[in-house]
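Novice: This is the structure, below, for whatever I ask next.
There are 2 protein chains.
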Amino acid sequence: MRPAPALRPSSVSRVLVRRRVPGSRRHVSQRAPRSVAELLQWRPAENADDVVVHGFVRSVRSMKTHRFVSLGDGSSLAPLQALVQASHAETEGLTVGAAVRLTGSWVASPGAGQSHELHVGKVEVLGPSDAKTFPIQKKYQTPEYLRTMPHLRPRTPVNAVLLRLRSEAIASLTQFLAGRSFTQTHPPIITSSDCEGAGEVFTVTPVNHTPDHDEPFFRSQKYLTVSTQLHLEALAQAVGNVWTLSPVFRAERSDTSRHLSEFYMLEAEMSFVDRLDPIMDLAEDMLRSLSTSLAGSATVQDLLSRSRNSGSDLAPADEVRRRWEGLAARDWPRITYSDAVALLRQRADRFAHEPTWGAGLQSEHERYLAEHVGGGGGKPVFVTHYPRDIKAFYMRETEPAASPGVPGGATVDCFDLLVPEFCEIAGGSMREHRLGPLLDVMRRQGILRPPGFEGEGDAGPDRPSAGGLEWYVDLRRWGCPPHGGFGLGFDRLLSYLAGVQTVRDMVSFPRWHGRCDC
Amino acid sequence: MRPAPALRPSSVSRVLVRRRVPGSRRHVSQRAPRSVAELLQWRPAENADDVVVHGFVRSVRSMKTHRFVSLGDGSSLAPLQALVQASHAETEGLTVGAAVRLTGSWVASPGAGQSHELHVGKVEVLGPSDAKTFPIQKKYQTPEYLRTMPHLRPRTPVNAVLLRLRSEAIASLTQFLAGRSFTQTHPPIITSSDCEGAGEVFTVTPVNHTPDHDEPFFRSQKYLTVSTQLHLEALAQAVGNVWTLSPVFRAERSDTSRHLSEFYMLEAEMSFVDRLDPIMDLAEDMLRSLSTSLAGSATVQDLLSRSRNSGSDLAPADEVRRRWEGLAARDWPRITYSDAVALLRQRADRFAHEPTWGAGLQSEHERYLAEHVGGGGGKPVFVTHYPRDIKAFYMRETEPAASPGVPGGATVDCFDLLVPEFCEIAGGSMREHRLGPLLDVMRRQGILRPPGFEGEGDAGPDRPSAGGLEWYVDLRRWGCPPHGGFGLGFDRLLSYLAGVQTVRDMVSFPRWHGRCDC
Numbered sequence: 006m007r008p009a010p011a012l013r014p015s016s017v018s019r020v021l022v023r024r025r026v027p028g029s030r031r032h033v034s035q036r037a038p039r040s041v042a043e044l045l046q047w048r049p050a051e052n053a054d055d056v057v058v059h060g061f062v063r064s065v066r067s068m069k070t071h072r073f074v075s076l077g078d079g080s081s082l083a084p085l086q087a088l089v090q091a092s093h094a095e096t097e098g099l100t101v102g103a104a105v106r107l108t109g110s111w112v113a114s115p116g117a118g119q120s121h122e123l124h125v126g127k128v129e130v131l132g133p134s135d136a137k138t139f140p141i142q143k144k145y146q147t148p149e150y151l152r153t154m155p156h157l158r159p160r161t162p163v164n165a166v167l168l169r170l171r172s173e174a175i176a177s178l179t180q181f182l183a184g185r186s187f188t189q190t191h192p193p194i195i196t197s198s199d200c201e202g203a204g205e206v207f208t209v210t211p212v213n214h215t216p217d218h219d220e221p222f223f224r225s226q227k228y229l230t231v232s233t234q235l236h237l238e239a240l241a242q243a244v245g246n247v248w249t250l251s252p253v254f255r256a257e258r259s260d261t262s263r264h265l266s267e268f269y270m271l272e273a274e275m276s277f278v279d280r281l282d283p284i285m286d287l288a289e290d291m292l293r294s295l296s297t298s299l300a301g302s303a304t305v306q307d308l309l310s311r312s313r314n315s316g317s318d319l320a321p322a323d324e325v326r327r328r329w330e331g332l333a334a335r336d337w338p339r340i341t342y343s344d345a346v347a348l349l350r351q352r353a354d355r356f357a358h359e360p361t362w363g364a365g366l367q368s369e370h371e372r373y374l375a376e377h378v379g380g381g382g383g384k385p386v387f388v389t390h391y392p393r394d395i396k397a398f399y400m401r402e403t404e405p406a407a408s409p410g411v412p413g414g415a416t417v418d419c420f421d422l423l424v425p426e427f428c429e430i431a432g433g434s435m436r437e438h439r440l441g442p443l444l445d446v447m448r449r450q451g452i453l454r455p456p457g458f459e460g461e462g463d464a465g466p467d468r469p470s471a472g473g474l475e476w477y478v479d480l481r482r483w484g485c486p487p488h489g490g491f492g493l494g495f496d497r498l499l500s501y502l503a504g505v506q507t508v509r510d511m512v513s514f515p516r517w518h519g520r521c522d523c
Numbered sequence: 006m007r008p009a010p011a012l013r014p015s016s017v018s019r020v021l022v023r024r025r026v027p028g029s030r031r032h033v034s035q036r037a038p039r040s041v042a043e044l045l046q047w048r049p050a051e052n053a054d055d056v057v058v059h060g061f062v063r064s065v066r067s068m069k070t071h072r073f074v075s076l077g078d079g080s081s082l083a084p085l086q087a088l089v090q091a092s093h094a095e096t097e098g099l100t101v102g103a104a105v106r107l108t109g110s111w112v113a114s115p116g117a118g119q120s121h122e123l124h125v126g127k128v129e130v131l132g133p134s135d136a137k138t139f140p141i142q143k144k145y146q147t148p149e150y151l152r153t154m155p156h157l158r159p160r161t162p163v164n165a166v167l168l169r170l171r172s173e174a175i176a177s178l179t180q181f182l183a184g185r186s187f188t189q190t191h192p193p194i195i196t197s198s199d200c201e202g203a204g205e206v207f208t209v210t211p212v213n214h215t216p217d218h219d220e221p222f223f224r225s226q227k228y229l230t231v232s233t234q235l236h237l238e239a240l241a242q243a244v245g246n247v248w249t250l251s252p253v254f255r256a257e258r259s260d261t262s263r264h265l266s267e268f269y270m271l272e273a274e275m276s277f278v279d280r281l282d283p284i285m286d287l288a289e290d291m292l293r294s295l296s297t298s299l300a301g302s303a304t305v306q307d308l309l310s311r312s313r314n315s316g317s318d319l320a321p322a323d324e325v326r327r328r329w330e331g332l333a334a335r336d337w338p339r340i341t342y343s344d345a346v347a348l349l350r351q352r353a354d355r356f357a358h359e360p361t362w363g364a365g366l367q368s369e370h371e372r373y374l375a376e377h378v379g380g381g382g383g384k385p386v387f388v389t390h391y392p393r394d395i396k397a398f399y400m401r402e403t404e405p406a407a408s409p410g411v412p413g414g415a416t417v418d419c420f421d422l423l424v425p426e427f428c429e430i431a432g433g434s435m436r437e438h439r440l441g442p443l444l445d446v447m448r449r450q451g452i453l454r455p456p457g458f459e460g461e462g463d464a465g466p467d468r469p470s471a472g473g474l475e476w477y478v479d480l481r482r483w484g485c486p487p488h489g490g491f492g493l494g495f496d497r498l499l500s501y502l503a504g505v506q507t508v509r510d511m512v513s514f515p516r517w518h519g520r521c522d523c
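Residue numbers (the numbering used here), protein chains in the order written: chain E, 6 to 523; chain W, 6 to 523.
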């Protein structure tokens, strides 16, 4: 595993590919094209010939005898500078956006900037581009404008950096969790229950289905999952600690910079764990590992080096650096909801909404906590033990002995993880693993209906209907150890680490209320 | 990265966990529970005290003074043998299925089988089980029966092995593709086009949506993706070689052992590639790497060591071993469709369906090719260059010079990858990257409609409507290099490697026509 692709300039000249000779079983080796990132790192003592590179023309500057071509291939924010004789036959094809293959000599550059430049002998235009109509221009283009063409937007240099960040983050997290012996799983996307979605779920129907005439494809209404947690709990009872990086769906009509209708969640579930701390430890260790493993990568250096006019509205590099350092720091603060509310009430004059025990924390409250409890260094903050009534039914109630002095009622063993600016990026809890207490809460919340109730669900005559969650209740009947876990908004985390202001610009093909282009 | 969790018996005794002391910032170290797999590998020179293990009771054998408890935790197919005094206070809780924590001494065992056994001093029943009603029994249970309870099925020992195989395969493939500088991506699940699904697609609607009164959530009908390829092509134009492991969906009403309505596809797209061979090379190298990296893992050894009565109907171990060796072998045969049909016609008497140029290959034909062209060693076989008319619109037509002597018409640069018994597990092609030829095919196939056509799609007045694929056509307008890729049925591959007879038993929560339990 190489979370950050290793660039070994000294070995670049030896990169060869085996190609099978068409029509035979023989292989020949020939020099492979180099990526722009590799070439930019390569400073050979002598000029090198027969260097092949391919990519997209970012800009062309015409001189009397030469054209200066900036070439990008997504491997680095900086383009490669190539020099083409104006008299070259293919020069006309070197238009902005064109896909080309250039062959030439890698020559020490006399000018400032790049140490070497490519003196092109051979130009091959592999995919021509009508530069006049090409919607992606080198000049600054607003995020709103670029968002109207998600199929072309990834071609902007900054968006290619974001794609690489996602890839390296996935590889790093996969490595971390494999090292902790977590089993990666694929819980289902189509599910039978809409309990958790608070009405904001999508249903799934075959396109040719006519309700009046056909038998339904499935036996009852099906939904797109809003969280894989419930299924992860079942899998944790098989192999212990499990995780997934899975798309989830919310039919939210809200129009914010932090919500999408389709997004990726990293969810982890720990088995045989009886306290909240090990779960927070895992989230903390995982994000710290992510930050430290990627911080030195070329991708993160690209993020920190880009200027504002590089094609996207990113947060200032200093702020982004603070975020990476905050995640790499040790001992993230943990504060109970009750203590947090008490702290906020001391500063009540700062807030539009009065902080009140029993109510959810407003964004302004979360922002204050993330900034001040974390000590200003960008450290994330865990807020724990929220009131029972504002959290999900499956969360385990805190033992009274463990929450002395809590005013107003019971709390649950849960946490939200807050980061400066972005607020919540993860949330977790202990799950109620005992059958009786779980049934009590589900009954109180109206999820559970008495036996014989006329409704959906596959419960037998002797078991209460639980809105498609009978199987989830079942998990408590035969050997359910204490367990808990968390879900982390993966796209939101990447936005935070990239300095992207809205998840809509972090996700290549974002879907939200009213928008599903391409 | 450790695709196969490394078991280091010598270091097991030193495993410690840092635990934060509740209410303080102090950490203490204490001995972590060991997994059953770790313990079974651990043969200390002297007996060890204070050994902690947790898991689920698989069976209990009562003797006069002792109970022999088989304990499983999903980490190994073999259970741990623990010895509990019959007089122990908690003995009554040691029922089949119960989740327990056992503490005791790891003692050299006098009997055959396991080298050591746990002499239990302390029993903690963390999740009781009513063994009389527990649906998962130690005796053989049919796959059909277990399929009725997908939430409990993962607890059978063999299903835990399948979960681990999936996890290790993901980690191995992630490592391989990162090592080749492929960018892992998250293409969208909700899409705008149903072109590719041949009518067998799911639509997506918010649950509270009433068509007559509400404005639609999205501006036009949306679908669940049947393949991420088209979006991967857009991303490949940004960062070069890309891949994804993504759920895809088909509303197929067929009832076979090889199809699900929801399954995972590994799709890869290579940019700046002008021939089919490098794409087949990638698929071949990737699967060979998977096979060789996992072949020695404890998980694969579990698969090869299990007996038929271990709770699932797996293929014989010899057959499974041949599959792993076939994937590890070099130089998989590549045969054109035309040559394959000629070969099949020489054996026409063996088949129920006559092999005919221009028609799709039947399963019996594919099975014959996979077995005989591959040389009987379990090697997969690439069948290339199928007729234009039976393949997807986006495939590039073979240049006449490259397909001499092809009877009956044009072919496309594509391949199917066949394996013995299972037939197709992957398919790929060069994509038509030139605007004109792509539009021609789309027009011929009725995907493209003239400008002004009254239909869906967001095409402007000057652009033809392409059923939601205008953006895909757009990719060819500005710098589209030659490219191609493949899609691999991930669940099908895992079934093949595990010896599972149907994908329904490889996927924890399978969805197919009429079935979406839990």
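Built from N, CA and C at the ideal position, the CB exists for glycine as well.
Keep in mind that this is a model prediction, so the values were computed, not measured.
State the Cα-Cα distance for the pair S294(W) and W329(W), rounded to the nearest angstrom.
Specialist: To locate residue 294(W), count along the second sequence from 1; it is residue 289. To locate residue 329(W), count along the second sequence from 1; it is residue 324. Taking the straight line from one Cα to the other gives about 11 angstroms.
Novice: Applying the criterion that 16 or more other CB atoms from any shown protein chain within 10 Å of the CB defines a buried residue, is Y391(E) buried or exposed?
Specialist: Taking the first sequence and counting its residues from 1, one reaches residue 391(E) at position 386. Its Cβ being crowded by 16 or more others within 10 Å, Y391(E) is buried.
Novice: So the candidates are D522(E), P442(E), L76(E); which of them puts its Cα closest to the Cα of T100(E)?
Specialist: Counted from its first residue, the first sequence places residue 100(E) at position 95. Residue L76(E) is the option with its Cα nearest to T100(E).
Novice: If you drop the 5 nearest sequence neighbours on each side, which residues of the same chain put their C-beta closer than 6 angstroms to that of D54(W)?
Specialist: Residue numbering aside, residue 54(W) sits at position 49 when the second sequence is read from its first letter. If we look at D54(W) and ignore the five residues flanking it on each side, its Cβ neighbours are S110.
Novice: Examine chain W for any beta-carbon lying closer than 8 angstroms to the beta-carbon of Q450(E), and answer yes or no.
Specialist: As a first step, residue 450(E) is located in the first sequence; it is residue number 445 there, counting from the start. Not one chain W Cβ lies under 8 angstroms of Q450(E).
Novice: Would R311(E) be called buried (16 or more neighbouring beta carbons within 10 Å of its own) or exposed?
Specialist: The residue you call residue 311(E) lines up with position 306 of the first sequence. Buried is the call here.
Novice: What is the rounded straight-line gap between the Cα of F420(W) and the Cα of V231(W)?
Specialist: One-based indexing of the second sequence puts residue 420(W) at position 415. One-based indexing of the second sequence puts residue 231(W) at position 226. Looking at the two C-alpha atoms, the distance is approximately 19 angstroms.
Novice: Just tell me which of Q506(E), M68(E), C521(E), S197(E) has its CA closest to the CA of V212(W).
Specialist: For the purposes of this step, residue 212(W) is taken as the residue at position 207 of the second sequence. Per the Cα distances, S197(E).
Novice: Please list, in chain order, the chain E residues whose beta carbon lies closer than 9 angstroms to that of R3(W).
Specialist: Chain W is shown only over 6 to 523; residue 3(W) falls outside these bounds and no answer can be derived.
Novice: On the criterion of 16 or more Cβ atoms from any shown chain inside 10 Å, does D510(E) qualify as buried, or is it exposed?
Specialist: In the first sequence, residue 510(E) corresponds to position 505, counting from 1. It counts as buried.
Novice: Is the Cβ of G383(W) closer than 8 angstroms to any Cβ of chain E?
Specialist: By 1-based counting over the second sequence, the position of residue 383(W) is 378. False, the Cβ-Cβ gap to chain E never drops below 8 angstroms.
Novice: Run down chain W in chain order and give the residues with a C-beta less than 9 angstroms from the C-beta of P115(E).
Specialist: The sequence position of residue 115(E) within the first sequence is 110, counting from 1. Neighbours of P115(E) on chain W: none; closest Cβ ~30 angstroms, over 9 angstroms.
Novice: Starting from Y269(E), follow the alpha helix (DSSP H) in both directions and report where the run begins and ends.
Specialist: In the first sequence, residue 269(E) corresponds to position 264, counting from 1. Note, Y269(E): premise wrong, no alpha helix (DSSP H); beta strand (DSSP E) at 267-276.
Novice: Determine the direct distance from the alpha carbon of D199(E) to that of G473(E), and round the result to whole angstroms.
Specialist: Your numbering for residue 473(E) matches position 468 in the first sequence. Your numbering for residue 199(E) matches position 194 in the first sequence. Approximately 8 angstroms, taken between the alpha carbons.
Novice: Determine the direct distance from the alpha carbon of L374(E) to that of P442(E), and round the result to whole angstroms.
Specialist: Translated into positions along the first sequence, residue 442(E) becomes position 437. Translated into positions along the first sequence, residue 374(E) becomes position 369. Roughly 32 angstroms separates the two Cα atoms.
Novice: Taking Cβ to Cβ, would you say Y342(E) is nearer than 8 angstroms to T233(E)?
Specialist: For the purposes of this step, residue 342(E) is taken as residue 337 along the first sequence, with counting starting at 1. For the purposes of this step, residue 233(E) is taken as residue 228 along the first sequence, with counting starting at 1. No, Cβ-Cβ distance for Y342(E) and T233(E) is not below 8 angstroms.
Novice: Answer yes or no: do L348(W) and V209(E) have a C-beta to C-beta separation smaller than 8 angstroms?
Specialist: For the purposes of this step, residue 348(W) is taken as the residue at position 343 of the second sequence. For the purposes of this step, residue 209(E) is taken as the residue at position 204 of the first sequence. No, the Cβ-Cβ distance between L348(W) and V209(E) is not below 8 angstroms.
Novice: Out of L281(W), F181(W), A87(W), point me to the one whose CA is closest to L107(W)'s CA.
Specialist: Here residue 107(W) corresponds to residue number 102 of the second sequence, with the count starting at 1. When only C-alpha atoms are compared, the closest one is A87(W).
Novice: Can the beta-carbon of G379(W) be found less than 8 angstroms from the beta-carbon of P425(W)?
Specialist: The sequence position of residue 379(W) within the second sequence is 374, counting from 1. The sequence position of residue 425(W) within the second sequence is 420, counting from 1. Result yes, Cβ atoms of G379(W) and P425(W) sit closer than 8 angstroms.
Novice: Thinking just about the alpha-carbon of each residue, which of R481(W), W517(W), I430(W) is nearest to the one in P133(E)?
Specialist: Translated into the one-based positions of the first sequence, residue 133(E) becomes position 128. When only C-alpha atoms are compared, the closest one is R481(W).
Novice: So T297(E) contacts chain W; which residues on that side make the cut at Cβ distance below 7 angstroms?
Specialist: Looking up residue 297(E) in the first sequence gives position 292. What T297(E) touches in chain W: nothing, since even the nearest Cβ is about 16 angstroms away.
Novice: Let me confirm a value: G381(E) is counted as buried when at least 16 other C-beta atoms fall within 10 Å, else exposed. Which label applies?
Specialist: Taking the first sequence and counting its residues from 1, one reaches residue 381(E) at position 376. Looking at its Cβ environment, which holds fewer than 16 other Cβ atoms inside 10 Å, G381(E) is exposed.
Novice: Is the separation between the beta-carbon of F5(W) and that of R160(W) shorter than 8 angstroms?
Specialist: Because chain W is modelled from 6 through 523, residue 5(W) falls outside the range shown and cannot be assessed.
Novice: Measuring CB to CB, does V57(E) end up less than 8 angstroms from P38(E)?
Specialist: What you label residue 57(E) is simply residue 52 of the first sequence in a count that begins at 1. What you label residue 38(E) is simply residue 33 of the first sequence in a count that begins at 1. Yes, Cβ-Cβ distance for V57(E) and P38(E) is below 8 angstroms.
Novice: Is the CB-CB distance between R439(W) and T389(W) below 8 angstroms?
Specialist: Residue 439(W) sits at position 434 when you count from the first residue of the second sequence. Residue 389(W) sits at position 384 when you count from the first residue of the second sequence. No, these two residues do not count as a Cβ contact at 8 angstroms.
Novice: Hey, is S80(W)'s beta-carbon within less than 8 angstroms of any beta-carbon in chain E?
Specialist: Counting from one through the second sequence, the residue named residue 80(W) turns up at place 75. It does: the Cβ of S80(W) has a partner Cβ on chain E nearer than 8 angstroms.
Novice: So which of S225(W), W337(W), S262(W), S276(W) has the shortest CA-CA distance to E289(W)?
Specialist: On the second sequence, residue 289(W) is found 284 positions in, with the first residue counted as 1. When only C-alpha atoms are compared, the closest one is W337(W).
Novice: How long is the line joining the alpha carbons of L240(E) and H518(W), rounded to whole angstroms?
Specialist: As a first step, residue 240(E) must be located in the first sequence, where it is residue number 235. As a first step, residue 518(W) must be located in the second sequence, where it is residue number 513. So the two alpha carbons sit approximately 23 angstroms from each other.
Novice: List, in order along the chain, the chain W residues whose C-beta lies closer than 7 angstroms to that of T389(E)?
Specialist: Working through the first sequence from its first residue, we reach residue 389(E) at position 384. Within 7 angstroms Cβ-Cβ: nothing; T389(E) doesn't reach chain W, min ~11 angstroms.
Novice: For R327(W), which residues of its own chain have a beta-carbon under 6 angstroms away from its beta-carbon, when the five flanking residues on both sides are left out?
Specialist: The residue given as residue 327(W) occupies position 322 in the second sequence. Taken in chain order, the residues that qualify are G383.
Novice: Considering only residues of the same chain and omitting the five flanking positions on each side of A345(W), which have a CB-CB separation below 6 angstroms?
Specialist: Looking up residue 345(W) in the second sequence gives position 340. Same-chain partners within the cutoff: L374, V388.
Novice: DSSP on S228(W), reduced to helix/strand/coil?
Specialist: Indexing the second sequence from 1 puts residue 228(W) at position 223. Looking at the sequence shown, residue 228(W) is not Ser but Tyr. DSSP places Y228(W) in strand when its eight states are reduced to three.
Novice: Using a Cβ cut-off of 9 angstroms, pull out every chain W residue sitting near D199(E), in sequence order please.
Specialist: If you number the first sequence from 1, residue 199(E) lands on position 194. Result: V212.
Novice: Tell me, please, whether the CB atom of D479(E) is closer than 8 angstroms to any CB atom in chain W?
Specialist: Position 474 of the first sequence holds residue 479(E). Yes, contact with chain W.
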